[in-house]
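> In the working numbering, the protein residues as written are 299 to 444.
In this text, a Cβ means the ideal position worked out from N, Cα and C, and glycines have one as well.
Submitted below is the structure of interest, expressed as structure tokens.
Structure, rendered in structure tokens:
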């Protein structure tokens, strides 16, 4: 029996243990397919561009141990088209991703992909203090602006 396809998505701007935790948790469910946000979408959703350019972020994520395949997201804001192309069995959202599960499920239903299971990882990886890109950026700024 073939493994399930598990899709995760994110910016992965400054890769940290929380990202690795999400990828490893996804790998427990099946083969991991990662959608790396474009620079344009990152800026659209957060109001600020990423530090690391999209091609570099894609290269890093593509080469992580548990990632079967990584692709660059769309700049046209058509997330569901990317889901359709990957055709996952499961979409796993990170614990702090702002995407609404119900909105995603409704969108999948509208395009006939209601068989896809949508889950949210409920646990945060908090073994280390710098467990988000935002915290890492803040520490860099605080350290080098003194």
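1. Does the pairing of the region 317 to 330 with the region 342 to 353 give three or more beta-carbon distances under 8 Å?
2. Would you tell me roughly how many angstroms separate the C-alpha atoms of residue 418 and residue 440, rounded to the nearest one?
3. Would you call the CB atoms of residue 416 and residue 402 closer than 8 Å?
4. Checking the sheet assignment: what are the DSSP bridge partners for residue 367?
5. What are the boundary residues of the alpha helix (DSSP H) that includes residue 342?
Straight from the coordinates:
1. no
2. 32 Å
3. yes
4. 331
5. 337 to 344
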